[in-house]
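Keeping their order, the protein sequence lines are chains A and B. At position 30 of the first sequence the residue is numbered 30 (this note's numbering), and the sequence of numbers has no breaks. At position 164 of the second sequence the residue is numbered 164 (this note's numbering), and the sequence of numbers has no breaks. Note that CB positions come from ideal geometry on N, CA and C, so glycine has one too. All values reported here derive from a predicted model rather than from experimental measurement.
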Amino acid sequence: MSRVFTIAAAEWRLWMRSKAALAALLAVVLIISATSVLTAVRLTEERQERVHQQEVAEETFLSQPARHPHRMVHYGHYVFRTPSPLAIIDPGVDSVTGQSIFLEGHRQNTAMFADTRAGANVGGFQTLSPASVYQTLIPLLLIALGHGVFVREREARTLAPLLAQGVSGVTLYMGKALALAGLGAALLIPMLIMSLIGVVSGEAVGVSLALVVVYGAYLLVWSALIVLVSAVVRTRGVVLGTLVFIWLAWSLVTPRLAVGSAGAAAPSPGKLETDYQLLADLRELGDGHNAADPAFNALRANLLAEYNVDTVEELPINFRGVVAQASEAKLTAVMNEYAERRMAQEVRQSLHANSFGWLSPVLAVSAASRHLAGVDLETHHRFLREAEAVRFEFIQGLNKSHIEELSYNDDINRNQSAEAARRARISPENWTVLNQFRFEPATPDERFRAATASITMLTVWLMALVTAGVFASGRLKS
Amino acid sequence: MSGMGRELWFLGRDRAAKVWLFIGFAAAGLAVVFGLMEVTAQRDTIERLKAADEIERAVTTDAHRDNWGSAAYYTFHLTYDPPGPFAFAALGQRDASPWKHRIRMLALEGQIHETDAANPDFALIGRFDFAFVAAMIAPLILIMLLHDLRSGERASGRYNLLSVTSADARMLWLSRAAWRVGALTIVLLIPLWIAGWVSGAGASNLLGAGVALFVHLLFWWVVIACVNTRTWTSTVNLTALLGLWLAFAVVAPAAIKAAVDAAISVPEGGDIMLTQREAVNDAWDLPQEATMTPFIERHPEMEPYAEIEGAFEWKWYYAFQQVGDQIVEPLSVAYREGRARRDELAGRFAWLSPPAKLERVLQRMAGTDASAALQYEDRVRAFHGDLRAYYYPPMFKGEPVTDALLAERPSFEP
Numbered sequence: 001m002s003r004v005f006t007i008a009a010a011e012w013r014l015w016m017r018s019k020a021a022l023a024a025l026l027a028v029v030l031i032i033s034a035t036s037v038l039t040a041v042r043l044t045e046e047r048q049e050r051v052h053q054q055e056v057a058e059e060t061f062l063s064q065p066a067r068h069p070h071r072m073v074h075y076g077h078y079v080f081r082t083p084s085p086l087a088i089i090d091p092g093v094d095s096v097t098g099q100s101i102f103l104e105g106h107r108q109n110t111a112m113f114a115d116t117r118a119g120a121n122v123g124g125f126q127t128l129s130p131a132s133v134y135q136t137l138i139p140l141l142l143i144a145l146g147h148g149v150f151v152r153e154r155e156a157r158t159l160a161p162l163l164a165q166g167v168s169g170v171t172l173y174m175g176k177a178l179a180l181a182g183l184g185a186a187l188l189i190p191m192l193i194m195s196l197i198g199v200v201s202g203e204a205v206g207v208s209l210a211l212v213v214v215y216g217a218y219l220l221v222w223s224a225l226i227v228l229v230s231a232v233v234r235t236r237g238v239v240l241g242t243l244v245f246i247w248l249a250w251s252l253v254t255p256r257l258a259v260g261s262a263g264a265a266a267p268s269p270g271k272l273e274t275d276y277q278l279l280a281d282l283r284e285l286g287d288g289h290n291a292a293d294p295a296f297n298a299l300r301a302n303l304l305a306e307y308n309v310d311t312v313e314e315l316p317i318n319f320r321g322v323v324a325q326a327s328e329a330k331l332t333a334v335m336n337e338y339a340e341r342r343m344a345q346e347v348r349q350s351l352h353a354n355s356f357g358w359l360s361p362v363l364a365v366s367a368a369s370r371h372l373a374g375v376d377l378e379t380h381h382r383f384l385r386e387a388e389a390v391r392f393e394f395i396q397g398l399n400k401s402h403i404e405e406l407s408y409n410d411d412i413n414r415n416q417s418a419e420a421a422r423r424a425r426i427s428p429e430n431w432t433v434l435n436q437f438r439f440e441p442a443t444p445d446e447r448f449r450a451a452t453a454s455i456t457m458l459t460v461w462l463m464a465l466v467t468a469g470v471f472a473s474g475r476l477k478s
Numbered sequence: 001m002s003g004m005g006r007e008l009w010f011l012g013r014d015r016a017a018k019v020w021l022f023i024g025f026a027a028a029g030l031a032v033v034f035g036l037m038e039v040t041a042q043r044d045t046i047e048r049l050k051a052a053d054e055i056e057r058a059v060t061t062d063a064h065r066d067n068w069g070s071a072a073y074y075t076f077h078l079t080y081d082p083p084g085p086f087a088f089a090a091l092g093q094r095d096a097s098p099w100k101h102r103i104r105m106l107a108l109e110g111q112i113h114e115t116d117a118a119n120p121d122f123a124l125i126g127r128f129d130f131a132f133v134a135a136m137i138a139p140l141i142l143i144m145l146l147h148d149l150r151s152g153e154r155a156s157g158r159y160n161l162l163s164v165t166s167a168d169a170r171m172l173w174l175s176r177a178a179w180r181v182g183a184l185t186i187v188l189l190i191p192l193w194i195a196g197w198v199s200g201a202g203a204s205n206l207l208g209a210g211v212a213l214f215v216h217l218l219f220w221w222v223v224i225a226c227v228n229t230r231t232w233t234s235t236v237n238l239t240a241l242l243g244l245w246l247a248f249a250v251v252a253p254a255a256i257k258a259a260v261d262a263a264i265s266v267p268e269g270g271d272i273m274l275t276q277r278e279a280v281n282d283a284w285d286l287p288q289e290a291t292m293t294p295f296i297e298r299h300p301e302m303e304p305y306a307e308i309e310g311a312f313e314w315k316w317y318y319a320f321q322q323v324g325d326q327i328v329e330p331l332s333v334a335y336r337e338g339r340a341r342r343d344e345l346a347g348r349f350a351w352l353s354p355p356a357k358l359e360r361v362l363q364r365m366a367g368t369d370a371s372a373a374l375q376y377e378d379r380v381r382a383f384h385g386d387l388r389a390y391y392y393p394p395m396f397k398g399e400p401v402t403d404a405l406l407a408e409r410p411s412f413e414p
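Below, the structure is given as structure tokens:
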């Protein structure tokens, strides 16, 4: 064991003596620090801003004066998606999805105002986050510093004497791998700090540490690969060329090919397109604004029979409110069916894309990272579902007030005069049907479950590469 | 054999060079295939939407013919921004910004920010289009092709011999590098030009893209040549060049974006929505003159018909929809101007990052850049204005809904 450390320490001493290595290391540390600070500041501001906007939206709704209840149905409400604490490491889909939704009666609106729409467009990777630095940049540093671990010994003709002295190839491999892994561990310190900041701002400890561990495993995958290639390939130029090629294939090409493949294999018609089908379905349900719509004949007949009266005017409850409530419920069931189908399609697309993690650990780690940080596609979907639950609840609450607090006669005569319009209002106490909404990240359990597949891929990658490395180094000859 | 010809022969025998050139060719080929597939899918979507929209509008128009107010309330109009013939090469903003919208005569600010976006994972990872290959991958391939031109010969001990025996040593390195730059340009452009020919892109776009790509590769050639003049080993060269690639292609764009976004602020989207909603909803409780006076300022021709008699009249309803837009106009204009200025500033700073500049140039040619997205938004606004101009006169004058008038209803032309 001590031999392994001696070998690793020799490697570290070599890097410490190399000005180029130190310069590269310094540059990367600077980039990590800068992106960490910038991302943390930006996301923390976003969090506060959106919580604030949510509070303002709720106060505004509750402070509305006396009104016709259906006015409040269309006055509507806003919900905002606050990013999870770990978004300071991986902002995930936060910036490419809308952050707020307008909730109103009879409609499911889309999330609006994605950052990417308003931001400057400079192509390529656009924004760097700590996550993207760890996923794509740090492997390049590891390649630059580590590609020579075995080749160097070959070039200096020190490999044969080492092996002859009884240092086994496997020990050598372990030492070299430890050297790179140690470097990776040191580079993880900024991420550890960021995850502790996440814990301080309310994130569970387990999932925060798991995120760091996943990135640790990812850097180990690279370390194992680099040592393996360095051991198997004989000339330095070819080692470096091979590693750069793999880096290019894993981090630049495969993720985008996965997107192209998922888009082609599991096409998902947009909301606009399915809305047309939805509209055709809805026409059969009747217009909830029009209580005379024949679609509500059965409802009317049942109510008249139940209260044993002949006309809707004689009902003790407001029939227009009953129609509004019934049609909202039916409508919502249909809209939810379409929304669920669309979300299922998107999940299928993402699963398809994520399965390319078997071809590229970069995809595996980025998916695992988004899942663990609570900034994945499913989080956005959960936001859409929770927003819909809020919408349905307050709309139906308002419709209930419409049924119980406003008489049918006042209601149908509301446009006769200003005085009649005033009579058709109900008091603001009825607005308390709106519940407080704070978007919370999924529970650690759910996030672990979502990340399992990608973590498995990463583990398999690591085991395969280490096995290959041990096997290859066992057969090392000078 | 001439010097130039001999270098071509060398290139043909260099296995590593051939592999990297093939990778370039394959990447460009895949990119244009994915691009063409995506563009075709978008066109098909638009065709299906147009057909569905026709049916939907015919049905709703039939169902709501009592008056112009409900006709306008219930009929939606499809607007869309079809991809141009060169869009396959650079899909640009089309993943983030909307290119299809349904709008109606209500306050526009409540509708125009709706985004029917594709899978956010896609927008996050990005598309494998030609612009990406040309801007991000091509420089890496060039680096792999050129980084050991001199140092490789040095390592194999032929450098001095070659320098001495060749008539003009500078010409030797120049022609050796030139063949590689030229070959890479060609293997990248062949798929692009074939795809461009298939999709009917104009010759000016195809040539322009070729020139832009070539200039971009020239920049990298100069960078590589500067590093190569050092008497470093191949690996040091390569490491230094990878660092420069990171600096130019990844770090610089991120820094530019962060700086531009920080320098130019745009109003919070939430504020636009909240202001708009308050304005429209307050109008219900305000005296009707409070709505009609600012409305008449915009539409003086409607003044003779602007008397509101009952507690509810459609013309009053649409007037306060319009006044809602008018009230939020300063914010909305600032949001639009802010985005335009960000784009303009990003364009100016993009020179600091040639890959970013190339992507922007290609997106501009393809009509998929931020300004194209803004122009589409402007067209939607103009169309919404047309709808108002169409509906207001008969609605305010209380004319009946007739087939003849309905036939004149504007429809969106991209």
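Indicate the three-state DSSP secondary structure (helix, strand or coil) for residue i in the structure shown.
i	result
GLU104 (chain A)	strand
THR291 (chain B)	helix
LEU142 (chain B)	helix
PHE312 (chain B)	coil
PHE125 (chain A)	coil
ILE272 (chain B)	helix
HIS77 (chain A)	strand
THR60 (chain B)	helix
LEU106 (chain B)	coil
ILE479 (chain A)	Lying outside 1 to 478, the shown extent of chain A, residue 479 (chain A) is not represented and no answer is given.
HIS77 (chain B)	strand
HIS371 (chain A)	helix
HIS101 (chain B)	strand
Determine the burial state of residue i: buried for a count of at least 16 other Cβ atoms within 10 Å of its Cβ, exposed for fewer.
i	result
ALA464 (chain A)	exposed
PHE88 (chain B)	buried
ASN302 (chain A)	exposed
GLY84 (chain B)	buried
PHE471 (chain A)	exposed
PHE22 (chain B)	exposed
THR479 (chain A)	Examination of residue 479 (chain A) is not possible in this model, given that chain A is present from 1 through 478 alone.
Please report the distance separating the alpha-carbon of residue i from that of residue j.
i	j	result
MET1 (chain B)	ALA178 (chain B)	The predicted model places MET1 (chain B) with a pLDDT of 46, which falls under 50 and marks its position as unreliable; any figure quoted below should be read in that light. About 18 angstroms.
SER350 (chain A)	PRO91 (chain A)	17 angstroms
ASP386 (chain B)	PRO410 (chain B)	7 angstroms
ALA118 (chain A)	ARG180 (chain B)	40 angstroms
PHE25 (chain B)	VAL187 (chain B)	5 angstroms
VAL433 (chain A)	GLY397 (chain A)	6 angstroms
Step through the CB atoms of chain B and report whether any lies within less than 8 angstroms of the CB of residue i.
i	result
TYR307 (chain A)	no
ASN109 (chain A)	yes
VAL96 (chain A)	yes
LEU197 (chain A)	Just to set this straight, residue 197 (chain A) is Ile in the shown sequence, not Leu. ILE197 (chain A) does not count as touching chain B.
LYS176 (chain A)	no
LYS19 (chain A)	no
Per DSSP, which one or two residues make a beta bridge with residue i?
i	result
THR467 (chain A)	According to DSSP, which records beta bridges pairwise, THR467 (chain A) is partnered with nothing at all.
ILE125 (chain B)	According to DSSP, ILE125 (chain B) bridges with nothing at all.
ARG67 (chain A)	A:ILE426
MET112 (chain A)	A:SER100
State yes or no: is the beta carbon of residue i nearer than 8 angstroms to at least one beta carbon in chain A?
i	result
TRP179 (chain B)	no
GLN93 (chain B)	yes
ARG364 (chain B)	no
ILE125 (chain B)	yes
MET292 (chain B)	no
LYS100 (chain B)	yes
GLY269 (chain B)	yes
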